[in-house]
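Engineer: Just so you know, the protein sequences line up as chains E and R, in that order.
Taken in order, the first sequence gives residues 5 to 137; the numbers are from the working numbering.
Taken in order, the second sequence gives residues 5 to 137; the numbers are from the working numbering.
Protein chains: 2
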Amino acid sequence: MALKYSRQRQVIKDFLMTRKDHPTADVVYMNVRHEYPNISLGTVYRNLSLLADLGEIKRLRVGDGVDHFDADTSDHYHFVCTECGSVIDLMSDGLERITETVEAANTGFDGEIIGHVTYFYGVCGDCRKKTLS
Amino acid sequence: MALKYSRQRQVIKDFLMTRKDHPTADVVYMNVRHEYPNISLGTVYRNLSLLADLGEIKRLRVGDGVDHFDADTSDHYHFVCTECGSVIDLMSDGLERITETVEAANTGFDGEIIGHVTYFYGVCGDCRKKTLS
DNA sequence: TCAAAAACAGTAATGATTACTATTTCTGAA
DNA sequence: TTCAGAAATAGTAATCATTACTGTTTTTGA
Numbered sequence: 005m006a007l008k009y010s011r012q013r014q015v016i017k018d019f020l021m022t023r024k025d026h027p028t029a030d031v032v033y034m035n036v037r038h039e040y041p042n043i044s045l046g047t048v049y050r051n052l053s054l055l056a057d058l059g060e061i062k063r064l065r066v067g068d069g070v071d072h073f074d075a076d077t078s079d080h081y082h083f084v085c086t087e088c089g090s091v092i093d094l095m096s097d098g099l100e101r102i103t104e105t106v107e108a109a110n111t112g113f114d115g116e117i118i119g120h121v122t123y124f125y126g127v128c129g130d131c132r133k134k135t136l137s
Numbered sequence: 005m006a007l008k009y010s011r012q013r014q015v016i017k018d019f020l021m022t023r024k025d026h027p028t029a030d031v032v033y034m035n036v037r038h039e040y041p042n043i044s045l046g047t048v049y050r051n052l053s054l055l056a057d058l059g060e061i062k063r064l065r066v067g068d069g070v071d072h073f074d075a076d077t078s079d080h081y082h083f084v085c086t087e088c089g090s091v092i093d094l095m096s097d098g099l100e101r102i103t104e105t106v107e108a109a110n111t112g113f114d115g116e117i118i119g120h121v122t123y124f125y126g127v128c129g130d131c132r133k134k135t136l137s
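(1) Does the separation of the CB atoms of L1 of chain R and I61 of chain R fall below 8 Å?
(2) One question on the structure: do V91 of chain R and H82 of chain R come within less than 8 Å of each other, judged by their Cβ atoms?
(3) List the endpoints of the continuous beta strand (DSSP E) containing D71 of chain E.
(4) Could you say which of R:E39, R:R132 and R:P41 lies nearest to E87 of chain R if we only look at CA atoms?
(5) Shortest alpha-carbon distance to I102 of chain R belongs to which of R:D25, R:I117 and R:T111?
(6) The beta strand (DSSP E) that contains T122 of chain R, what's its start and end?
(7) Looking at chain E, is there any beta carbon in it that lies within less than 8 Å of the beta carbon of S53 of chain R?
(8) Label L136 of chain E either buried or exposed according to how many other C-beta atoms from any shown protein chain fall within 10 Å of its C-beta, with 16 as the threshold for buried.
(9) List, in order along the chain, the chain R residues whose C-beta lies closer than 7 Å to that of A29 of chain E?
(10) Quick check: what's the CA-CA separation for E152 of chain E versus V48 of chain R?
(11) Along chain E, in chain order, which residues have C-beta atoms closer than 8 Å to that of H120 of chain R?
(12) Given that a residue counts as buried once 16 or more other Cβ atoms are within 10 Å of its Cβ, and exposed if not, what is G115 of chain R?
(13) Does the separation of the CB atoms of H26 of chain E and F73 of chain E fall below 8 Å?
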């Protein structure tokens, strides 16, 4: 009896699937409380980590010191706005060979490269517009 | 009178330049204390941040929740061992066009991509050897 | 030499995350 | 259906990296 059903975990995952903006644990907590008023913040953290370990969601670390979560587990990259901190999906493919490229170039490296983490940063469309005022 | 000389800052930078293993603030603190016994941890943090802002060193965020620092400011990538956490330089070039590739592929994206962060992960040579025992 | 700005040491505060504990909820077998 | 043990929870305390604060010391240009 390894994993048991829990209503809280279901609600957390359901909420995450409605969002495409990669919320943090705290944002998940705030929102899930609306329909599950006495859920605990610890429960949100535990289940987000569990879901990430199960591969049902992805944990994003984009350098702002806070973990973001993404229910879209397909291979894609993210853009982080340095002004407002928003995390946006990038559509680009053509980067799926990054790891292979590095492995080929590092013939002297004796470790085993399993994968890579990449995110892009800059100014998002909304913040660019605000700068013009 | 914007920036003043400080012995502590010099010692911190000198120490960092002797290392190629990307130490954390705490490791810098522990080592610098040997020759500067009553330096403060806050001073180490403040100066590492200042040096990073000045572009004299680089701050590395490799997803382990702790900032690492690198006195080598040349463009290069890093490998993080998932077993022991060590951070190792990768020699590979051929990746300097990552950002351009993404920009070209994201014609619909209205933000401005300034740069990217990439690090590789896997098992380092030392940890691979240990696994064989 | 000297005064203002900058930096410091030491300590307190912050903020995200994890750990702990007594209670509640699941679930498979009787 | 009942029930016991495992898993999960709510609530709270603890952890850990980092930043903020404050009175003192250093640096530096006039």
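Every residue, glycine too, gets a C-beta built ideally from N, C-alpha and C.
Structural biologist: On the basis of the data shown:
(1) The structure shown does not extend to residue 1 of chain R, since chain R spans only 5 to 137, so no value can be given for it.
(2) yes
(3) D71 to D74
(4) R:R132
(5) R:I117
(6) E116 to V127
(7) no
(8) exposed
(9) Going along chain R, no residue has its Cβ under 7 Å from A29 of chain E, so there is no contact; the nearest lies around 14 Å.
(10) Residue numbering for chain E in the displayed model covers 5 to 137; residue 152 of chain E lies beyond these limits and cannot be assessed.
(11) T122, Y123, F124 and Y125
(12) buried
(13) yes
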